[in-house]
Amino acid sequence: MNREVKKFHAFAFVIALVTFAAIISIFPLRIWNDVRTEVGGGFENGYTQEVDSTHDAIQDFIAQYDRIDSISVYVNELTKGRYMHISFWDVDKWRVMYEETIDLGEEQLPGYVDIPLGLDLEVGGNYRVMFTVWHATYVLGTESIEGSTNPAIGSFYYQDSVVEGSHLLARYNYSVPMSKVMSLTLMVMVFMIGCALVCVTRTLCRDAANKYITVGRVCQYVLNPVAVIAYVSLAAMVFPLRLFDNRASDIFFYELGLLLAFITALYAINHKRNDSISVSLEKYSANAAAKGAAGSKTNGRSLLGEMSLFDKIMSFGQMILIALTFVYASQYMNDLYDIYHSISERQLVLCLLLITVLFQSRKELISIQNIVLSVAGVAAGFYYYHKNQLPVTEKEYDLHNLILKLSIAIVIVSVILIADYVRYLLKVVTKKASRSSASITLYGVFVIVFFVCLIVLRNTRWWGVVLALVFAVMYIRMNIADRSAHWNTIATGGLILNIIYTIGYCLLFRYFTGFVMGRYSMQFHTVTVTAEYLTIMQVMAAALLLAKVSSGSKISRFKDFVSYVFKEMLLFGVISAYMIFTLSRTGYLAAIVTIMVLIVMVTIRAGKDAVKTLVRGIAACIVAVIIAFPMTFTFQRIIPVMVGHPYFFEVEDAAPSARGGSDLNDYKYMSIERFYSLFRQKILGVSATEYNFVDDPYNYDDNGNYLYDEDGNPLNGAEVGCQEGAADYCRDILEDADRSDRLVASGIDGLYIAEAADTEVLEDADNEGSDTYYDESSTEGEEEVASEGEEEQTSEDGSVDDYSNGRIDIWKAYIKELNMTGHDEMGAVAEDGELLAHAHNVYIQVAYDHGIPVGILFVFVIVAGIAFSGVYYFRNQRSFASAVPFAVITGFAIAGLTEWNFQLCNPMTVALMLLLPVIMFKERKSDH
């Protein structure tokens, strides 16, 4: 950031960069779209009978483009009440895609009423719009089929009967990419504007004006205005525009989050490092060297030490592949069918093998042997693929052909690795190459023995064989690589890249909904796996933060210390906020215990500065979470709905009204009050608060009683508000229980009235017993989802078994069936005959799957791994990442007490296996 460049070159580069970004946003990214309106083409011929509580109207149509922005429907008259309700259906899949309530009282009638949708469609798919009411009565306009020019407009129904000769009078507004001519015109204009700005800059930076300027100063000139504009715009959208919510609590909290984000951004852009920080770091490095820290001569500030440019490029390539490995592991955990599992598994394995290939030196990587094998492998693979690919007439031919391609790629890379190791052995035998200076430790021997046991006692589980072979090959090649001493930093860098990618993805495409499932699952469809994933990421971030705190113990000035630990605090705070969003007790437990142990370790290593390090470490963690939580909550709530392209998993539940891409302020999105209610219930174990915010406020009096009946007729007295068809159910619930113990939210399909313990319909991630069960023996392509149906039980007496959500009974069932050689089938059987998908304890599960001896060996590998990684931390004091192996292994160990987290494609297993080699070999150079 302190590098100096000419002013003209600096600003010309910025202009070129902005111009390039603007051009690719037009094409090929096509971010900017036009709206194309399609109509039936007939002429207005009248209107429907009244749409009320017993009469609906339905219009079918075929999607002409892949995204519908809105539908404008002609409403002839609002006769009673105020609210129209629409349901948008995917007829082919027979599911509700979206619901919306429209206040007709604010519209100019008769006239067109715009219904925002923002839904991605399948071109040629069949869709349906259903018009109903919410305590109202209205009349819709129709058009004649005669003269219609649009065959995509289907049948029109009134109360399930086809209206002959008529369509709904409506406009279908699709979002489509700009035309080629318009795109090209805009791209040329942007390019010309960029060139003009460069010319102006050149004129302003002539001769004496063209002085040198630092890169940091250029960033300040560019990014400060961007931060100000972004903050002012978003703050105005929150208030006074109230685009996201009109409740005071949410407005205040969102404004607070935006303000904190703005201050954080300004600090990140403008803060400077004081020279005292460098002096302190030199003292830290000197102290570490004096204590006998082994390793390279570079200090902890250097990411990859004194590596060559080639080695740094290969190392960053490995980081990217590690990040991709976690992407495919996450994809595997979300897959619902065996055929998709096969794809994700192969993608993950291919990434791991490519990571191993990148351990080769430049000479080895571009050797004649690799080139010949690559060319021959590609040619043979091309021939084999075309001889064995499925024709397009076969079911799921594209998926099976993708599996074939990935399998061929894995074979080619495996052959290259085998040939590489054979070449190395030949060189060692002929004494043309020296043996690796690193020898395997006793701990490493036990890990290898464990791998052998996974292979021998696989009991039909081939994923264990793949895990053992792939990681064994990686460890062997890593052991003889020149860059192996930096592996801890490389692996940590891969974890950081993945969490940054994941957060970015969630901010763009994953809504933060409050109903039906109010616990945020990030890139997964189950909070269980989310908590496991975030445990790894959170303890990794904590290890980096606490290491920086410890190394900065000599920094006395507060602002210098904040500058020194700023990035690590931000990373830890944001990840911690997402962990809080999961409301997972098991996730909280694993992360908090691990972080507490890390604080103790860092304090012990600080020596004379122990007290200062302890206080600073705890304060840094707490302050990071306090600052990051409002920022992260605010951005996760408002950014995805602004983007408007939500992604929902097939088995993921969310209120239909929260699924659209054009609604910024639906009450089914997460809010502060809703989150507080869930936190009380799930974490503190107290009754949830009443949540009663409605989409139709004009239907109620000040006491919450309905003003109108189902058809919009005024009521003379107060009545409990329940929609037609759900009235009996709602009234029974309200009569049978105290409303203070219930979560209540009005919805057009009836009130969302749920027991506090039963709010999460799809899953309860803290019982984690409703995880999706993947039957390894099922046939590829067949659906294999089987919910255990284990619902969380509330406990009046607060017993341990109740608080464990039935885990103790599950453990007893599994322990009862343990033997010495393991089982072919995965699940044990409970006393009532129910099949228990997994043990909710990784140690019991491994013993059940592979036998008691292997289970004991696995416990030793984990416990000894904690001990050896702790020793590694104390012996490598000059590396900021030296505590990461200990943090990850400890987090895995604690999470494993209540979860099954050991499987080839489980993110926790991937992280564990990637970091084990750090402590499997000795006489290494210190990692940086």
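Under our numbering, residues 102 to 1029 are what the sequence shown spells out, in order.
We put the beta carbon where it would ideally sit given N, CA and C, even for glycine.
Considering only the beta carbon of each residue, do residue i and residue j sit closer than 7 Å?
i       : j       : result
Ala-929 : Tyr-915 : yes
Tyr-273 : Tyr-166 : no
Lys-769 : Ser-778 : no
Gly-718 : Gly-745 : no
Leu-455 : Met-415 : no
Ala-271 : Val-197 : no
Met-638 : Ala-725 : no
Asn-125 : Ser-284 : Asn is not the amino acid found at residue 125; the sequence shown has Ile there. No, the pair does not count as a contact, with Cβ atoms beyond the cut-off.
Gly-143 : Glu-223 : no
Val-666 : Ala-721 : yes
Ser-154 : Val-214 : no
Thr-202 : Tyr-228 : no
Gln-624 : Thr-593 : no
Gly-992 : Val-943 : no
Gly-545 : Ile-509 : no
Count the other CB atoms, across all protein chains shown, that sit within 10 Å of the CB of residue i; report buried if there are 16 or more and exposed otherwise.
i        : result
Phe-411  : exposed
Lys-649  : buried
Trp-912  : buried
Leu-1015 : buried
Ser-188  : buried
Thr-590  : buried
His-487  : exposed
Thr-238  : buried
Gln-150  : exposed
Thr-286  : exposed
Leu-305  : exposed
Trp-588  : buried
Glu-247  : exposed
Lys-917  : exposed
Ile-728  : buried
Lys-398  : Only weak support is given to the placement of Lys-398: the predicted model assigns it a pLDDT of 42, under 50, and the value that follows is read from those uncertain coordinates. Result: exposed.
Glu-1000 : buried
DSSP state of residue i, grouped into three classes?
i       : result
Ser-267 : strand
Asp-829 : Since pLDDT at Asp-829 reaches only 38, below the 50 mark, its modelled position is unreliable, and no value is offered.
Met-921 : coil
Gln-946 : helix
Phe-162 : strand
Leu-218 : strand
Asp-803 : coil
Tyr-258 : strand
Ala-838 : Legend: pLDDT at Ala-838 = 35, less than 50; position of this residue unreliable, no value from coordinates given.
Met-618 : coil
Ala-984 : coil
Starting from residue i and walking both ways along the alpha helix (DSSP H), at which residues does that stretch end?
i       : result
Ile-911 : 908-917
Lys-107 : Where Lys-107 is concerned, there is no enclosing alpha helix (DSSP H), although the beta strand (DSSP E) it sits in stretches over 105-107.
Val-224 : Taken as a continuous stretch (DSSP letters only), Val-224 belongs to no alpha helix (DSSP H), as it is neither H nor E.
Thr-315 : Taken as a continuous stretch (DSSP letters only), Thr-315 belongs to no alpha helix (DSSP H), being part of the beta strand (DSSP E) at 313-315.
Val-516 : 498-530
Tyr-973 : 953-976
Asn-589 : 588-610
Ile-676 : 659-683
Val-787 : Premise fails: Val-787 is in no alpha helix (DSSP H) and is neither H nor E.
With respect to the beta strand (DSSP E) encompassing residue i, which residues constitute its N-terminal and C-terminal limits?
i       : result
Trp-235 : 227-245
Thr-155 : Segment: none, Thr-155 is in no beta strand (DSSP E) and carries neither H nor E.
Leu-179 : 168-191
Would you mind working out which of the options sits nearest residue i, comparing C-alpha positions?
i        : options                               : result
Leu-449  : Met-434, Arg-760 and Ala-477          : Met-434
Met-279  : Asn-134, Phe-353 and Trp-195          : Asn-134
Lys-713  : Ser-677, Ile-604, Arg-658 and Glu-247 : Arg-658
Lys-312  : Glu-497, Val-230, Lys-108 and Phe-257 : Lys-108
Val-192  : Val-230, Met-680 and Gly-212          : Val-230
Thr-180  : Asp-812, Ile-656, Ala-938 and Asp-170 : Asp-812
Gln-1004 : Tyr-544, Leu-555 and Leu-361          : Leu-555
Ala-158  : Glu-139, Phe-257, Val-136 and Lys-373 : Phe-257
Ile-294  : Thr-120, Met-575, Ile-600 and Ile-352 : Thr-120
Val-289  : Asn-942, Ala-123, Thr-250 and Asn-325 : Ala-123
Ala-328  : Ile-370, Ala-692, Gly-225 and Leu-568 : Ile-370
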